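Working notes for the structure below.
This is the structure:
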């Protein structure tokens, strides 16, 4: 009977004729051979199965499955989370405009007088003060009563009350705050040891990792929500050290200051802000990473304030154009736009135009990383700073100062390079799209420049040019070109030619505008 085949629901079934088995010695030999072959095949299959099981097991170990329940973790952590309420005096009519003045007998006078009187701001009346309350969250970090929260939760408060998990209400004292990171530390006095939580490693959190948020949304009390890390290193223009974790765990009003936990039960973030057109959670919340918060909290507990490292430089981002003009392989690091006279950077030899590539062994991949790394470094510590200067790397030893001390003493102004002025005629540089002139007394007066201003002044900018698109305008002063000081239009033209002849596509300008220095990279055009 020949082979026949048929298909059922997509599967093929093949029927074959049954062959008669041979007998005798040939049959025995064949049977022995088939038995050995079967054993060999079985061994291979078993070993393959064991190998696949090992591979799968190692994969499972690297990627833990989603938890069946957060109940055990939440039960352990909730007692360390507190509700915070604050009280401060406000004026009833402080947000209202002053009552308009009308001639005596005007029909509007009585109407507006009645309107403002009902709100405590009538003619001759003062706004009536009353107490306003606000709610937030916090978490205990020491068993003797130290509590972390957001500064905006307790800002301006005259009274701060902390409600523990067992509904015990305690008056809290503000130990210290840091408005740069929106963090504050409170202290409550109690005879018993309090449950507390510890900071974890936010730098080790990856996008997609599970997190747990606990807080006091809308004053409802301890509430647990879960989600994942949606993104890292978010910048929301909240301060100089923006580096937020983004999560889709539900965070609402009242959650501010509450902790975000990893699956080990350690705090890896402090819930601070939400993005919401409605005022409620839409799955976009932001938390201060523990890597930033831990040092701030420890310093406030120890000193009552922060003590940040200070380098004494003003920086800006390295764009692809700037990187190309400086000979960098890729845009990285922090470009030094100014160096504070007498600051740690100046004493170490850091110069305007340097690109800081590494600080204390840590790579500076982008400019906004540098302030955080410097701030986290202990005051008076000597570190090595690697800069890119004139096409080569250079290591400089720097002893850090203290940022807060520099702020109090007014040392944060940047220096302006000096050069000797040379009056020449205005010169139009088509390659840059600008018209330049040496600084004269008349031009200084025309553009409200300082008497000791140095450099070359821009008197016109070609509409639609790269210079115009980069924000260059009449009255701006070009201080350096290609990291060399310039005193007249001829100096600028010479540096542009050198850049073009050297195969550069762009040239780097250091421009002073309104008292601030910034770098601009402009294409030099064809030769």
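Residue numbers (UniProt numbering): 1 to 527.
Glycine included, every Cβ here is placed at the ideal spot set by N, Cα and C.
Quantities reported herein were computed from a predicted structural model and do not represent experimental measurements.
Measure the Cβ-Cβ separation of residue i and residue j and say whether it is below 9 Å.
| i | j | result |
| --- | --- | --- |
| residue 175 | residue 84 | no |
| residue 82 | residue 137 | yes |
| residue 183 | residue 300 | yes |
| residue 475 | residue 449 | yes |
| residue 311 | residue 376 | no |
| residue 378 | residue 240 | no |
| residue 80 | residue 195 | yes |
| residue 215 | residue 309 | no |
| residue 360 | residue 383 | yes |
| residue 396 | residue 434 | no |
| residue 353 | residue 389 | yes |
| residue 203 | residue 227 | no |
| residue 346 | residue 385 | no |
| residue 146 | residue 187 | yes |
| residue 404 | residue 305 | yes |
Any heavy atom of the ligand MG closer than 8 Å to the beta-carbon of residue i?
| i | result |
| --- | --- |
| residue 366 | In terms of ligand content, the structure shown is empty, and the ligand MG therefore cannot be addressed. |
Using a Cβ-Cβ cut-off of 7 Å (strictly less than) and excluding sequence neighbours within five positions of residue i, which residues of its own chain qualify?
| i | result |
| --- | --- |
| residue 506 | 321, 324, 325, 521, 522, 523 and 524 |
| residue 256 | 136, 137, 150, 152, 153, 271 and 272 |
| residue 221 | 83 |
| residue 443 | 437 and 457 |
| residue 447 | 457 and 475 |
| residue 243 | 233, 289, 292 and 372 |
| residue 508 | 322, 325, 326, 482, 483, 519 and 521 |
| residue 467 | 432, 433, 434, 461 and 522 |
| residue 133 | 85, 86 and 87 |
| residue 124 | Note that residue 124 has pLDDT 49, beneath the 50 cutoff, so the model's placement of it is unreliable and the number below is only indicative. Excluding sequence neighbours, residue 124 sits near nothing in its chain. |
| residue 362 | 373 |
Between which residues of its own chain and residue i is the CB-CB distance below 6 Å, once the five residues before and five after are set aside?
| i | result |
| --- | --- |
| residue 266 | 198 and 200 |
| residue 317 | 367 |
| residue 275 | 284 |
| residue 263 | 210 |
| residue 398 | 344, 348, 383 and 385 |
| residue 333 | 318, 355, 356, 357 and 364 |
| residue 512 | 477 and 479 |
| residue 219 | 135 and 254 |
| residue 470 | 520 |
Measuring CA to CA, which of the options is closest to residue i?
| i | options | result |
| --- | --- | --- |
| residue 173 | 180, 162 and 166 | 162 |
| residue 245 | 159, 141, 206 and 281 | 206 |
| residue 238 | 375, 208, 288 and 305 | 288 |
| residue 381 | 435, 307, 387 and 327 | 307 |
| residue 319 | 365, 360, 426 and 347 | 365 |
| residue 409 | 352, 452 and 343 | 343 |
| residue 391 | 374, 504, 362 and 229 | 504 |
| residue 143 | 164, 158 and 73 | 164 |
| residue 139 | 78, 131 and 469 | 78 |
| residue 427 | 441, 487 and 470 | 487 |
| residue 407 | 340, 181, 439 and 253 | 340 |
| residue 157 | 166, 485 and 131 | 131 |
| residue 440 | 328, 489, 469 and 470 | 489 |
| residue 465 | 429, 485 and 231 | 429 |
| residue 148 | 328, 297 and 500 | 297 |
Using the beta-carbon count (16 or more within 10 Å), is residue i buried or exposed?
| i | result |
| --- | --- |
| residue 516 | exposed |
| residue 191 | exposed |
| residue 454 | buried |
| residue 502 | exposed |
| residue 413 | Confidence in residue 413 is poor, its pLDDT being 38 and thus under 50, which makes the residue's placement too unreliable to answer from. |
| residue 179 | exposed |
| residue 261 | buried |
| residue 236 | exposed |
| residue 29 | Below a pLDDT of 50, predicted positions are generally treated as unreliable, and residue 29, at 44, falls in that range; the measurement from the model is reported next regardless. Its Cβ having fewer than 16 others within 10 Å, residue 29 is exposed. |
| residue 330 | exposed |
| residue 76 | exposed |
| residue 491 | buried |
| residue 4 | Interpretation of residue 4 is limited by its pLDDT of 39, a score under 50 that renders its predicted location unreliable; no figure is taken from the coordinates. |
| residue 282 | exposed |
| residue 445 | exposed |
| residue 459 | buried |
| residue 181 | buried |
| residue 303 | exposed |
| residue 250 | buried |
| residue 231 | exposed |
| residue 252 | buried |
Check the Cβ-Cβ distances between residue i and every residue of chain D, and say whether any is below 9 Å.
| i | result |
| --- | --- |
| residue 179 | Of the protein chains in this structure there is only one, and it is not chain D. |
Return the chain-ordered list of same chain residues with a C-beta closer than 8 Å to the C-beta of residue i, the five sequence neighbours on each side being excluded.
| i | result |
| --- | --- |
| residue 514 | none |
| residue 70 | 212, 224 and 226 |
Ranges of the beta strand (DSSP E) found wholly within the UniProt domain "PDZ" (300-364), counting only runs of at least 3: 313-317, 334-339 and 355-359
Complete alpha helix (DSSP H) runs within the segment 221-270 (minimum length 4 residues, chain order): Qualifying alpha helix (DSSP H) stretches: none in this window.
Beta strand (DSSP E) runs wholly inside the segment 473-503, at least 3 long, in chain order: 477-481
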